[in-house]
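Note that the protein sequences, when read in sequence, are chains A and B.
Heads up, the first sequence is in numbering that gives the first Met the number 0, so the first residue is 0 and it goes up one at a time.
Heads up, the second sequence is in numbering that gives the first Met the number 0, so the first residue is 0 and it goes up one at a time.
All C-beta atoms in this analysis are idealised placements derived from N, C-alpha and C, irrespective of residue type, glycine included.
It should be emphasised that the depicted structure is a prediction, and the values quoted were computed from it without experimental measurement.
Beneath this line is the structure, given in structure tokens, with notes to follow.
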Amino acid sequence: MRQPFEDRLELSEFTLVEGGTTDNSVEVNSQNWVTIYYLEFEKGEAVALGQGRAANQTDAVGRAYAEFDEDGATDISSGKVRFVKLNRQMNPMRVISQRPLAQLAKGASDESARDPFPVQERGQGGEPVAIGYPYRIGIQMKLNSGTANVDDAEGGTTAELDAIRVEETG
Amino acid sequence: MAKFSADLTKGPTLDTSNPKRSLKDSLGWVVGAGFLFFLVTVAGTYVAPLFGRLTSSLTGGRVNTGGSGGITIDGDF
Chain A
0 MRQPFEDRLE
10 LSEFTLVEGG
20 TTDNSVEVNS
30 QNWVTIYYLE
40 FEKGEAVALG
50 QGRAANQTDA
60 VGRAYAEFDE
70 DGATDISSGK
80 VRFVKLNRQM
90 NPMRVISQRP
100 LAQLAKGASD
110 ESARDPFPVQ
120 ERGQGGEPVA
130 IGYPYRIGIQ
140 MKLNSGTANV
150 DDAEGGTTAE
160 LDAIRVEETG
Chain B
0 MAKFSADLTK
10 GPTLDTSNPK
20 RSLKDSLGWV
30 VGAGFLFFLV
40 TVAGTYVAPL
50 FGRLTSSLTG
60 GRVNTGGSGG
70 ITIDGDF
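Right, here's the structure in full:
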């Protein structure tokens with residue numbers, strides 16, 4: 000039996016794609032979308048990003064919050080983040096959602112101030128679309144200018160994404 | 000030219016010269032049943048999943064789980 004339930008994805012569930020100048024970091028730039036984290040699934044697991052239907056701040060059930068720091072706890076705030084469906088070769092197959100970094104960084108301590116995050120993908124019947132094995136959900140970043148190193152070891156690097164998780168309950 | 004004739008006063012006769020099923024006939028049944036079992040196994044193992052994949056590919060790899068609150072799964076759940 001497949002059971003959907005509301006959940007909150009933490010960044011610790013994602014895997015960092017290393018490739019930065021320091022350990023536990025990945026370098027991003029203003030030229031390309033760089034995959035910085037990915038969420039992998041076991042067979043029988045799937046996740047639909049977002050919760051609820053309302054897209055306005057007051058009525059939204061789901062919220063998204065994310066902040067990415069460089070080494071030295073400097074916020075990376077000038078750029079965009081997007082959530083993508085990745086194949087097993089880590090190539091993006093489609094964009095699920097895209098937001099400015101500054102928009103995602105709102106509401107660190109006040110959840111009601113966080114970015115509304117209703118279900119990001121719906122099927123033809125309006126139902127949520129969950130991504131599961133063998134695909135992955137990737138977090139990509141592109142800066143407005145220059146380069147930066149997203150440092151996973153910095154405490155400020157965090158994300159909390161409301162979602163609907165589907166699992167095979169046996 | 001060949002000539003055919005029939006004695007219409009006599010009905011059909013039953014050939015009782017070999018009333019028992021021969022070993023050859025029995026082996027034929029066994030082989031036939033085995034082949035049928037093989038076909039069903041192959042169909043269940045290889046052919047049926049192909050239909051599932053075909054259906055999945057026609058829907059863009061998405062499968063509606065139906066009983067899971069109407070959520071569509073994009074993947075090999």
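N-terminal and C-terminal residue of the beta strand (DSSP E) that residue i is part of
i: residue 160 of chain A; result: 157 to 167
i: residue 137 of chain A; result: 135 to 142
i: residue 4 of chain A; result: 1 to 9
i: residue 148 of chain A; result: 146 to 150
i: residue 170 of chain A; result: Given a span of 0 to 169 for chain A in the structure shown, any question on residue 170 of chain A remains unanswerable.
i: residue 78 of chain A; result: 78 to 85
i: residue 125 of chain A; result: Run containing residue 125 of chain A: none; DSSP gives neither H nor E here.
i: residue 28 of chain A; result: 24 to 28
i: residue 64 of chain A; result: 62 to 66
i: residue 110 of chain A; result: Where residue 110 of chain A is concerned, there is no enclosing beta strand (DSSP E), given that its DSSP letter is neither H nor E.
Classification of residue i by the beta-carbon crowding that lies within 10 angstroms, buried from 16 upward
i: residue 22 of chain A; result: exposed
i: residue 61 of chain A; result: buried
i: residue 42 of chain A; result: exposed
i: residue 128 of chain A; result: buried
i: residue 87 of chain A; result: exposed
i: residue 54 of chain B; result: Any answer about residue 54 of chain B is weak, because its pLDDT of 49 lies below 50 and its placement is not dependable; what the coordinates show is given next. Under this definition residue 54 of chain B is an exposed residue.
i: residue 67 of chain A; result: buried
i: residue 154 of chain A; result: exposed
i: residue 69 of chain A; result: buried
i: residue 9 of chain A; result: exposed
i: residue 97 of chain A; result: exposed
i: residue 40 of chain B; result: exposed
i: residue 102 of chain A; result: exposed
Option nearest residue i by Cα separation, candidates the options
i: residue 115 of chain A; options: A/133, A/161, A/157; result: A/161
i: residue 73 of chain B; options: A/145, A/156, A/142, A/126; result: A/126
i: residue 147 of chain A; options: A/29, A/120, A/15; result: A/29
i: residue 18 of chain A; options: A/95, A/36, A/145, A/120; result: A/36
i: residue 2 of chain A; options: A/47, A/52, A/31, A/55; result: A/47
i: residue 71 of chain A; options: A/168, A/156, A/167, A/163; result: A/156
i: residue 69 of chain B; options: A/111, A/113, A/38, A/122; result: A/122
i: residue 81 of chain A; options: A/168, A/124, A/164, A/139; result: A/139
i: residue 25 of chain A; options: A/100, A/0, A/15; result: A/15
i: residue 163 of chain A; options: A/120, A/145, A/141; result: A/120
i: residue 107 of chain A; options: A/5, A/33, A/63, A/4; result: A/63
i: residue 165 of chain A; options: A/31, A/44, A/33; result: A/44
i: residue 151 of chain A; options: A/56, A/50, A/7, A/75; result: A/75
Residues that residue i contacts on chain B, provided the C-beta gap is smaller than 8 angstroms
i: residue 43 of chain A; result: 76
i: residue 61 of chain A; result: Result: empty, since nearest Cβ-Cβ is about 14 angstroms, beyond 8 angstroms.
Interface residues of chain B facing residue i [CB-CB closer than 7 angstroms]
i: residue 170 of chain A; result: Residue numbering for chain A in the displayed model covers 0 to 169; residue 170 of chain A lies beyond these limits and cannot be assessed.
i: residue 136 of chain A; result: Those do not exist, as residue 136 of chain A stays about 10 angstroms from chain B at its closest Cβ, beyond 7 angstroms.
i: residue 133 of chain A; result: 74, 75
Range covered by the alpha helix (DSSP H) that runs through residue i
i: residue 34 of chain B; result: 22 to 41
i: residue 102 of chain A; result: 100 to 103
Residues that residue i contacts on chain B, provided the C-beta gap is smaller than 9 angstroms
i: residue 53 of chain A; result: Going along chain B, no residue has its Cβ under 9 angstroms from residue 53 of chain A, so there is no contact; the nearest lies around 18 angstroms.
Against chain B: residues of the region 138 to 163 of chain A by CB proximity under 9 angstroms
Within the region 138 to 163 of chain A, the residues whose Cβ lies closer than 9 angstroms to some Cβ of chain B are 163, listed in chain order.
Quick one: which residues of the region 15 to 45 of chain B get their C-beta closer than 8 angstroms to a C-beta of chain A? List them in chain order.
Cβ contacts with chain A come from no residue of the region 15 to 45 of chain B.
Select from the region 82 to 111 of chain A all residues with a C-beta closer than 8 angstroms to any C-beta belonging to chain B, and list them in chain order.
Result list: 84.
Interface positions of the region 3 to 14 of chain A facing chain B (Cβ-Cβ less than 7 angstroms), listed along the chain:
Here the close residues are 3.
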